[in-house]
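These notes concern the structure reproduced below.
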Amino acid sequence: MSEGYHIVVCGGIVPDPLQTLEPVQGPAGWGLKNELMLPAILDPWAGHALYEAANLAKNAPGS
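Count the sequence shown with our numbering and you get residues 1270 to 1332, in order.
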């Protein structure tokens, strides 16, 4: 009898790399304009790992 896998995928949320970042100087020094408002995405390696984990879970009963 085959047991399923316990699959864990670790990933990070990163700023969208296609967004334009504009440097600005503020009272605390240099920073990025609207840095906290940038859209965030799952990092590409984590996205691929999640896809592979889903495929493994689909093909391994009990996962």
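Glycine included, every Cβ here is placed at the ideal spot set by N, Cα and C.
6 Å Cβ shell around residue i - same chain, five flanking residues per side excluded
i: MET1270; result: Because the pLDDT at MET1270 is just 48, under 50, the model does not fix this residue reliably, and the value given afterwards should be weighed accordingly. Answer for MET1270: no residue qualifies.
i: ALA1315; result: GLY1280
i: ALA1322; result: ILE1276, VAL1278
i: ASP1285; result: PRO1308, ILE1310
Minimum C-alpha distance to residue i - residue among the options
i: ALA1318; options: GLU1272, VAL1277, GLY1273; result: VAL1277
i: GLU1291; options: ALA1297, LEU1301, PRO1284, ASN1324; result: LEU1301
i: ASN1303; options: GLN1294, ALA1323, ILE1310; result: GLN1294
i: ASP1312; options: GLY1273, HIS1275, GLU1272, GLY1281; result: GLY1281
Strand pairing of residue i, partner residues [DSSP]
i: ALA1309; result: PRO1284
i: TRP1299; result: GLN1294
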